[in-house]
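Heads up, the thing below is written out as structure tokens.
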Amino acid sequence: MVIMTSASNIRFWVAFVVSLIAAIPTAYLGWYFTSKIIASVHVSSDPTYWMERARNEAYGICYDGCYDCLNPSVIETACRLTAIVEVPGVICDFSQIWTWDGASKYPEKCLVAVGDIYKEDALAWKRFWYKPLYLLAFSAAAWIGFNSFHLSRGVLDKYRAFESPPRYQRIETPPSRPQISKRKSSNVRIPLLATAIVLLTLPSPVLGYTCTSQPAYNALFSNADDTIYGVIHGWLSSCYEESYSCGETCTSSGSLGDRSCDTIYCGQERTAKAPRHYVNQAAERVVDCGFRMVDFVPGVVDRRIPNPRIEGKLWVKLAVNRFNGTDSGGESRVDEMVKCLYGIVDSPKW
């Protein structure tokens, strides 16, 4: 084997330095201008816009829930925003003001604070979508550096820069080593393949997910004197995907017309538990609060029990006709049975 002098190595390192000289300023300029672009991104500066979003998307969803939505976790997310903001001298947490009436349930200073969260979040997302410009800038710098390297290396090689009379040093090539048989590695793969086949043939568990494949179902309840009454509304079902044979595909091969066929499998959504199942489960807890299940209620039911974990855990919505009762002194207060409904599932803690 023959080892040549280091002229080729010198040309390599010279070309490498040239590529760095071309790439580094390009990368810096790309980073600088991309940072300027991202810093200039802005969203609406109108405070009433963000207050309206806070009223509708935070407090509104937290109090009223979502209309037969597929993902009830959005309710808990909305309620969390009202609980994490801190305004001196003002109560913003929904869990403390949900029984209040009218505008008092939407404190203005709290709307401003929650609106600021929405504003910052919108600004962060808008800047996030501009960040690929960094990748574009650094890719351009890498491309320029790569081409500069090969261009300068080609020029140096063409003119044989840094070339000196070649000096040679002969080194005895060591005898070749005998090749090692690969039978052992192939033998190792056989049990691994067998294990994989066994795992694939084992039955897999049915994974359930929320769906709205079945009609909604309602159940009515009332207290003993029909002064407080309500409805349990279920709209979510638990579904799973089922595979079934829906045909076959066949191929013919060979002069004898050998025919081989493979089964075609299709998938369809199946309902594991319908809304009625979840309504009946929730009804047991409602009865434990002192209510009775009835076939008719005498009025409008329009006040949702705003514990987001009810939808999140029980997959139903509870609503009553009113929150407040009247004690013996004539003072209005939250009815104890309504409080019990709010607590049929532990409320979230932040």
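Following the numbering used here, the numbering of the sequence shown begins with 21 at its first residue and continues without gaps.
Glycine residues also receive a C-beta, built at the ideal position from the N, C-alpha and C atoms.
Task: Span of the alpha helix (DSSP H) around E262 - done: First-last for E262: 257-273, but that is the beta strand (DSSP E), not the alpha helix (DSSP H).
Task: For L131, the nearest candidate out of A292, A103, V306, F169 (CA to CA) - done: Measuring from the Cα of L131, the nearest candidate turns out to be A103.
Open item on the list: Measuring straight from C-alpha to C-alpha, what distance separates S258 and A98?
Closed with: If you take the alpha carbons of S258 and A98, they lie about 24 Å apart.
Task: When T232, A144, G122 are compared against L90, the one with the closest alpha-carbon - done: Considering only alpha carbons, the answer is T232.
- [ ] Output the residue ranges of the alpha helix (DSSP H) runs that lie fully inside the stretch 97-127 and measure 4 residues or longer, sorted by chain position.
- [x] Qualifying alpha helix (DSSP H) stretches, in chain order: 114-117.
Task: Segments of 4+ residues assigned as alpha helix (DSSP H) that fall wholly inside the stretch 129-181 - done: Note on the stretch 129-181: whole alpha helix (DSSP H) runs with a minimum of 4 residues are 152-178, in chain order.
Task: Contacts around E268, its chain only, beta-carbon distance under 8 Å, and the 5 residues preceding and following it disregarded - done: For E268, the CB contacts under 8 Å within the same chain, skipping 5 residues up- and downstream, are C281, D282, T283, I284 in chain order.
Task: A43 and G165 closer than 8 Å at C-beta - done: Taking the C-beta atoms as reference points, G165 is found nearer than 8 Å to A43.
Task: Beta carbon of A339 nearer than 8 Å to that of V317 - done: In this structure, V317 does not lie closer than 8 Å to A339 by Cβ.
Open item on the list: With distance defined between alpha-carbon atoms, name the residue in V314, G287, S124, Y237 nearest to D245.
Closed with: The shortest C-alpha separation from D245 is found at V314.
Task: First and last residue of the uninterrupted beta strand (DSSP E) at K337 - done: Where K337 is concerned, the enclosing beta strand (DSSP E) stretches over 336-340.
TODO: Spell out a yes or no on whether the stretch 249-258 and the stretch 111-120 are touching, meaning 3 or more CB-CB pairs, one atom from each, closer than 8 Å.
DONE: Judged by Cβ distances under 8 Å, the stretch 249-258 makes no contact with the stretch 111-120, as fewer than three pairs qualify.
- [ ] Spatial neighbours of V226 within its chain, please: CB distance less than 6 Å, with the 5 preceding and 5 following residues excluded, ordered by chain position.
- [x] Reliability of the predicted coordinates at V226 is poor, the pLDDT of 46 falling under 50, and the value obtained from them is presented with this limitation in mind. Cβ neighbours of V226 beyond the five flanking positions: Y260.
Task: Buried or exposed by the 16-neighbour rule on C-beta atoms within 10 Å, applied to A123 - done: Around the beta carbon of A123, fewer than 16 other beta carbons sit within 10 angstroms, so the residue counts as exposed.
Task: Distance CB(V354)-CB(I248) smaller than 8 Å - done: Annotated as distal: V354 and I248, with beta-carbon spacing of 8 Å or more.
- [ ] Output the distance between the C-alpha atoms of A236 and I58, rounded to the nearest integer angstrom.
- [x] The alpha-carbon atoms of A236 and I58 are separated by roughly 47 Å.
Task: Where C360 sits in the DSSP three-state scheme - done: DSSP places C360 in the helix class (H, G or I) of the three-state scheme.
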